[in-house]
Amino acid sequence: MPRPTSPAPVLIWFRQDLRLADNPALAAAGDRPVLPVFVRDEAAAGRWAPGGAARWWLHHSLAALAAALRAKGAGLHLARGRAEDVLPALARAVGADAVLANRLCAPWAREQERRVATALAGQGVRLVLHELPLLHDPEALRAGSGRAYEAFTPFARAVRPRLEHLAPPLPAPARLRAADGAPAGEALESWRLTPRPPDWAAAFPALWQPGEAGAEARLARFLSAGRLHGYAAARDRPSEADGTSGLSPHLHWGEISPRRVWHAVRAAAEEGDRAAAEPFLRELLWREFCHHLLWHRPELPERPLRAAFAGFPWAPDARLLRAWQRGETGFPIVDAGMRQLWRHGWMHNRVRMIAASVLVKHLLQPWHDGAAWFWDTLVDADLANNSANWQWVAGCGADAAPYFRIFNPVRQGERFDPEGRYVRRFVPELARLPDRFLHRPWEAPEAVRRAAGVVLGRDYPRPLVDPAAGRARALAAFAAMRRRPEAAPA
Numbered sequence: 002m003p004r005p006t007s008p009a010p011v012l013i014w015f016r017q018d019l020r021l022a023d024n025p026a027l028a029a030a031g032d033r034p035v036l037p038v039f040v041r042d043e044a045a046a047g048r049w050a051p052g053g054a055a056r057w058w059l060h061h062s063l064a065a066l067a068a069a070l071r072a073k074g075a076g077l078h079l080a081r082g083r084a085e086d087v088l089p090a091l092a093r094a095v096g097a098d099a100v101l102a103n104r105l106c107a108p109w110a111r112e113q114e115r116r117v118a119t120a121l122a123g124q125g126v127r128l129v130l131h132e133l134p135l136l137h138d139p140e141a142l143r144a145g146s147g148r149a150y151e152a153f154t155p156f157a158r159a160v161r162p163r164l165e166h167l168a169p170p171l172p173a174p175a176r177l178r179a180a181d182g183a184p185a186g187e188a189l190e191s192w193r194l195t196p197r198p199p200d201w202a203a204a205f206p207a208l209w210q211p212g213e214a215g216a217e218a219r220l221a222r223f224l225s226a227g228r229l230h231g232y233a234a235a236r237d238r239p240s241e242a243d244g245t246s247g248l249s250p251h252l253h254w255g256e257i258s259p260r261r262v263w264h265a266v267r268a269a270a271e272e273g274d275r276a277a278a279e280p281f282l283r284e285l286l287w288r289e290f291c292h293h294l295l296w297h298r299p300e301l302p303e304r305p306l307r308a309a310f311a312g313f314p315w316a317p318d319a320r321l322l323r324a325w326q327r328g329e330t331g332f333p334i335v336d337a338g339m340r341q342l343w344r345h346g347w348m349h350n351r352v353r354m355i356a357a358s359v360l361v362k363h364l365l366q367p368w369h370d371g372a373a374w375f376w377d378t379l380v381d382a383d384l385a386n387n388s389a390n391w392q393w394v395a396g397c398g399a400d401a402a403p404y405f406r407i408f409n410p411v412r413q414g415e416r417f418d419p420e421g422r423y424v425r426r427f428v429p430e431l432a433r434l435p436d437r438f439l440h441r442p443w444e445a446p447e448a449v450r451r452a453a454g455v456v457l458g459r460d461y462p463r464p465l466v467d468p469a470a471g472r473a474r475a476l477a478a479f480a481a482m483r484r485r486p487e488a489a490p491a
């Protein structure tokens with residue numbers, strides 16, 4: 002009687018899905034021998050290779066994934082180079098007949114998938130792509146006209162009923178069988194993803210725990226002690242340390258799936274007030290919308306979605322951009338946010354909107370420059386979210402609100418940081434100013450500033466632009482764009 006043949010091994014190509022649970026590609030391997038692989042293909046990513054803060058995260062996330070895989074019986078193979086060269090070579094080495102992976106939205110990643118599929122097919126190996134890291138397939142959702150949605154509210158209204166019967170998350174495999182014959186991979190330390198002295202990421206480890214276990218711990222912490230029920234109010238207060246979930250970098254790197262988060266939040270809400278979950282679930286839908294946009298409009302990171310803004314009269318100024326990057330704009334809430342970004346690799350969402358609005362509207366700097374800075378300094382830098390949100394603030398993206406939505410940095414600071422705890426933490430030179438003048442130190446009487454130890458221009462800068470004058474200049478620029486003969490309706 003012939004002995005049954007063992008199934009051929011498969012490669013598991015990890016990308017932005019650095020987890021074991023609810024990983025469709027990994028689950029599809031079943032009990033076949035596997036070679037888990039991560040390929041650092043920065044040539045394919047080009048300018049969208051991870052920035053400095055994201056590289057720090059990636060280092061620690063890969064270390065966590067490698068440990069988790071070893072505990073299940075298979076190691077993580079690390080390789081640098083073009084994925085279309087690396088993966089076929091590894092498939093030959095272990096005798097794999099398929100490479101299993103989860104799809105990505107980024108245009109460069111989709112092109113990479115095409116090249117890998119072609120290279121593998123040349124040696125009789127299949128590339129099997131599984132679902133996107135989303136709650137709903139963007140190809141399966143279209144507006145009544147047949148076009149992709151380009152406004153959030155109708156998108157959310159259309160997709161939400163489809164999520165009422167969202168499939169449950171897949172379990173992590175109990176064990177993995179390692180494929181034989183794999184060559185030695187590269188050492189993670191040789192990739193030099195973490196900063197060399199001086200260590201600008203020194204504060205990161207106390208704030209973040211990259212990896213699947215860290216993602217689960219962050220989710221559990223958010224759902225405990227009533228934080229979900231206080232989310233609607235706390236999410237807009239930057240001084241609230243736990244006002245937001247902090248899940249964004251874990252979601253970006255796929256250390257936890259949006260499906261896992263959706264189900265966990267719904268389950269937690271059902272134990273109390275189900276309506277309390279809606280503000281947070283709406284934020285998950287906004288993330289979904291950003292990826293929907295990138296999937297259907299791959300030009301999103303490069304060009305304004307509103308064609309008229311191609312002729313917007315930006316006024317690039319390296320001095321203004323640098324002051325904004327360093328947290329020296331003279332607007333305390335903006336400067337606090339930019340300094341938090343540098344120290345923590347993250348910035349509160351409300352402050353991101355304020356800081357971005359000041360850059361593109363009060364200072365008339367191109368939104369691409371702000372997006373590039375966020376790309377390099379955020380641990381949660383995500384191409385869909387970063388591009389869509391910057392275009393939203395700039396007024397040139399997928400949003401029904403007009404360009405003249407301009408955040409006043411003074412009033413925004415007074416509204417969302419009324420006691421000044423956030424500003425005093427990150428802009429300590431203003432700590433002794435009374436609340437009344439904390440967000441407008443240039444209006445404080447000289448005696449008050451002197452008593453607080455603040456000399457404008459020495460201890461803290463004067464505003465780069467008067468708030469009212471900056472708003473007027475932004476509106477004038479918008480009007481000039483609208484007058485251009487080739488301008489399409491905005």
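Residue numbering for the sequence shown follows the numbering used here, starting at 2 and increasing by one per position. Glycine is no exception: its CB is placed at the ideal position from the N, C-alpha and C atoms. Quick caveat, the model's predicted, so the values are computed rather than measured.
Taking just the CA atoms, how far does F223 sit from L70? Taking the Cα positions, L70 is about 26 angstroms away from F223.
Mind reading off the beta-carbon distance from A469 to K362? Whole number of angstroms is fine, and I expect it under 8 angstroms. Contact between A469 and K362 does not hold, since their C-beta atoms are separated by about 12 angstroms, which reaches or exceeds 8 angstroms.
P442 (DSSP reduced to helix, strand or coil): Here P442 sits in helix by DSSP.
How many Å lie between P314 and L365 at the Cα? Taking the straight line joining both Cα atoms gives about 8 angstroms.
Of all the options H440, A268, H253 and H349, which has the alpha carbon lying nearest to the alpha carbon of L133? Checked all of H440, A268, H253 and H349; the closest Cα to L133 is H253.
Backbone CA spacing between G244 and I407 [nearest angstrom]: In a straight line, the C-alpha of G244 is about 24 angstroms away from that of I407.
Only counting the same chain, and skipping five residues up and downstream in sequence, which positions put a Cβ closer than 7 angstroms to that of F39? Apart from the 5 residues on each side of it in sequence, F39 sits with its Cβ closer than 7 angstroms to the Cβ of F15, L63, L77 and L79 in its chain, given in chain order.
Buried or exposed: which applies to H293, given that a residue is buried once 16 or more other Cβ atoms fall within 10 Å of its Cβ? Flag for H293 reads buried.
A473, DSSP secondary structure in three states: A473: helix per DSSP, three-state reduction.
Those residues which DSSP pairs with I13 across a bridge: P37 and L101.
For H349, does the count of other Cβ atoms within 10 angstroms reach 16, so buried, or fall short, so exposed? Buried: at least 16 other Cβ atoms inside 10 Å.
Residue ranges of each alpha helix (DSSP H) run of no fewer than 4 residues wholly in the segment 41 to 117, ordered along the chain? Inside the segment 41 to 117, DSSP marks whole alpha helix (DSSP H) runs of 4 or more residues at positions 43 to 46, 53 to 73 and 84 to 95, from first to last along the chain.
Output the boundary residues of the alpha helix (DSSP H) element that contains R222. In the DSSP assignment, R222 falls within the unbroken alpha helix (DSSP H) covering E213 to L224.
Tell me, which residues are paired with H131 by DSSP? Answer is N103.
What did DSSP end up calling R485 once you bin it into helix, strand or coil? Coil at R485, not helix or strand.
If I measure Cβ to Cβ from L21 and keep anything under 6 angstroms in the same chain, skipping five residues before and after, which residues do I get? Cβ contact annotation for L21 (same chain, cutoff 6 angstroms, sequence separation greater than five): A69 and A173, in chain order.
My output table needs one value for A157: the three-state DSSP class, helix, strand or coil. It is helical.
Does the beta-carbon distance from A97 to P10 come in below 7 angstroms? Yes, these two residues count as a Cβ contact at 7 angstroms.
Just to confirm my understanding: we take R33, look at its own chain, exclude 5 residues before and 5 after, and list those with CB closer than 6 angstroms. What are they? Excluding residues within five positions, the ones whose Cβ falls inside 6 angstroms are P8 and V11.
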